[in-house]
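Numbering (my numbering), first residue to last: 734 to 1232.
Here it is in structure tokens:
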């Protein structure tokens, strides 16, 4: 399992990594050039960065590390969006040599190169390496920490996991799991946790001060009974305001329901992992994990925690396991080759076929579809609507929209479009001082059908006095975006008749 003592010169490692990174850069650039790099969470990270840059509190349901790094990179990279995309791109490429070095500690150069190639060519990692999202940055930092732990640098590895914790809360789970498998016995585990606490404890203190209550993460609101159906997560005007609860109170409140649904929910998340890392690859990774437990195994621990949270089983969470699984796949392949030394070449070819088959399945499945069509809707039309509002709307206005993109492009405050009946939504918009209502054609078609009369019935639209159409664009089927001004007069009621 150990690499040969007589290694070729170090520059061969450098050449292998350089070629792999260059191929990965071309793939990531090609994917990034075809999308806007935005999801529903992206505007939050940008606005947190803007608040931090202005010396304000950046309160939101996210950790601050990614936005802080965006601010730092913003000194070199202009614009609102480019710093975040550049940060993810750099982190996504940095991850490849880290995985190579991780695998190189256990296997020969060809198998380490295979681990790097699996990361370089994985569709989901490639797609998120060009997006304003935290995953790529978190993976680069957390995997660096695991490399340090594998090298026996326990204090440094723990502290680096603390840095990862400032980006995403999963590090809070990875740290104790990695410490459990760290070499050096109890003393080694304590050093890992001490290094982690060195960074994490001050950050927990900051979060608690910022939120005015003890908290480990702004995402503790996810500790709640899971929703039966996705549509139940949609906000409605009549929803009862959930009382404020501490983490302990939330566990007591939601614990029994979470416990009952834990195994089915775990199965759902495991299913998404198999979409991201199909069975041919998982078979090799399982062999590698069984033959070499170590701190790297801690990277897989969040899978056991995800079912405790009210989050949908999405493939984007599963990408967090890919670097560790890729390393274990290389270790598993190398172990199989040493198990049958007389058939080393045949085993190597078989392992390579499994890796290629697994990547092919990933590209043909949901991860590949995400890489191909990353944008959440007609981004060009939504950007155009936002830019029109920025140029022609009232500064500081409030925009109601189911999606966050048009308000983000406009630089205006966003209020989510509730899922109530038509008249309740319009009355709520008037009552709360909403200035503009934005309706995307695909949102109305799939998520807010109560607005179909407004968008498709010209008579209904002509009789509607509370909303005034002021701008629209359409580039094709289901790509239309309409901007409507909300009238200030709140005295009228009813829907569709003369007002």
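Beta carbons are placed, not taken as given, at the ideal position from N, Cα and C, and that holds for glycine. No experiment lies behind these values; they were computed from the predicted model shown.
Would you tell me roughly how many angstroms separate the C-alpha atoms of residue 744 and residue 866, rounded to the nearest one?
When rounded, the distance between both Cα atoms is 34 Å.
Is it buried or exposed for residue 790, if we count other Cβ within 10 angstroms and need 16 for buried?
exposed
Do the segment 868-880 and the segment 987-1000 meet, that is, are 3 or more Cβ pairs less than 8 Å apart?
no
Going by beta-carbon coordinates alone, are residue 900 and residue 798 separated by less than 8 Å?
yes
Could you give the first and the last residue of the continuous beta strand (DSSP E) run that contains residue 1002?
Residue 1002 -> not in any beta strand (DSSP E); alpha helix (DSSP H) instead, spanning 980-1009.
Would you identify the three-state DSSP class for residue 786, choosing helix, strand or coil?
helix
Less than 8 Å between the C-beta atoms of residue 1103 and residue 860, yes or no?
yes
Beta carbon of residue 890, beta carbon of residue 925: below 8 Å?
yes
Mind checking which residues open and close the beta strand (DSSP E) that includes residue 1215?
1214-1219
So is residue 1025 buried or exposed if we call it buried at 16+ other beta carbons inside 10 Å?
buried
Taking 8 Å as the threshold, find out whether the segment 1129-1142 comes into contact with the segment 1160-1176 through three or more Cβ pairs.
yes
Reducing DSSP to helix, strand and coil, say where residue 780 ends up.
Residue 780: helix per DSSP, three-state reduction.
Can you list, in chain order, the residues of its chain whose CB lies under 7 Å from that of residue 802, leaving out five sequence neighbours each side?
Cβ within range, chain order: 820 and 870.
May I ask which residues mark the beginning and end of the alpha helix (DSSP H) holding residue 1146?
Counting along the chain, residue 1146 falls outside any alpha helix (DSSP H), though it belongs to the beta strand (DSSP E) covering 1146-1149.
Would you mind reading off the limits of the alpha helix (DSSP H) that contains residue 828?
815-837
Can you check which of these residues, 1210, 807, 788 and 1063, is closest to residue 840 by C-alpha distance?
1063
Figure out for me which residue from 1053, 1009 and 978 has the closest Cα to the Cα of residue 1035.
Considering only alpha carbons, the answer is 1053.
Comparing C-alpha positions only, which one of 996, 1107 and 1059 sits nearest to residue 845?
1059
Return the CA-CA distance between residue 948 and residue 774, expressed in angstroms with no decimal places.
About 21 Å.
Tell whether a beta-carbon distance below 8 Å holds between residue 831 and residue 880.
yes
Near residue 1176, what residues of its chain come up, given a Cβ to Cβ distance below 7 Å and the 5 sequence neighbours on each side ignored?
1135 and 1136
Would you kindly work out how many angstroms separate the C-alpha atoms of residue 1174 and residue 1189, rounded to a whole number?
10 Å
Keeping to the same chain, check which residues put their C-beta closer than 6 Å to that of residue 804; ignore five residues upstream and five downstream.
782, 785 and 786
Kindly provide the ranges of any alpha helix (DSSP H) runs that are 4 or more residues long and lie completely inside the segment 1003-1091, ordered along the chain.
Given a length threshold of 4 residues, each whole run of the alpha helix (DSSP H) inside the segment 1003-1091 is given here in chain order: 1012-1024, 1035-1038, 1048-1051 and 1055-1072.
According to DSSP, is residue 888 helix, strand or coil?
helix
In chain order, what residues of the same chain have a beta carbon less than 7 Å from the beta carbon of residue 749, not counting five sequence neighbours either side?
842 and 846
Determine, using beta carbons only, whether residue 1233 and residue 1055 come nearer to each other than 8 Å.
This structure does not reach residue 1233, given that the chain is present from 734 up to 1232, and the question cannot be answered.
Under the DSSP definition of a beta bridge, which residues are partnered with residue 1200?
1219
Give a yes or no on contact between the segment 1121-1131 and the segment 1153-1161, applying the rule of three or more CB pairs nearer than 8 Å.
no
Determine the closest residue to residue 1012 out of 1093, 951, 800 and 780, with distance taken between C-alpha atoms.
1093
Under a Cβ-count criterion, where at least 16 other Cβ atoms within 10 Å of its own Cβ denotes burial, should residue 1116 be classed as buried or exposed?
buried
I'd like to check one pair, residue 853 with residue 753: are the Cβ atoms closer than 8 Å?
yes
State the DSSP-derived secondary structure class of residue 865, mapped to helix, strand or coil.
coil
Roughly how many whole angstroms lie between the Cα atoms of residue 1169 and residue 766?
31 Å
According to DSSP, is residue 1227 part of a helix, a strand, or is it coil?
Summary for residue 1227: the model assigns pLDDT 43, below 50, so the residue's position carries little reliability; its value from the coordinates is reported in the next sentence. Note: residue 1227 maps to coil in three-state DSSP.
How far does the alpha helix (DSSP H) with residue 772 in it extend, from its first residue to its last?
Neither: residue 772 is in no alpha helix (DSSP H) and is coded neither H nor E.
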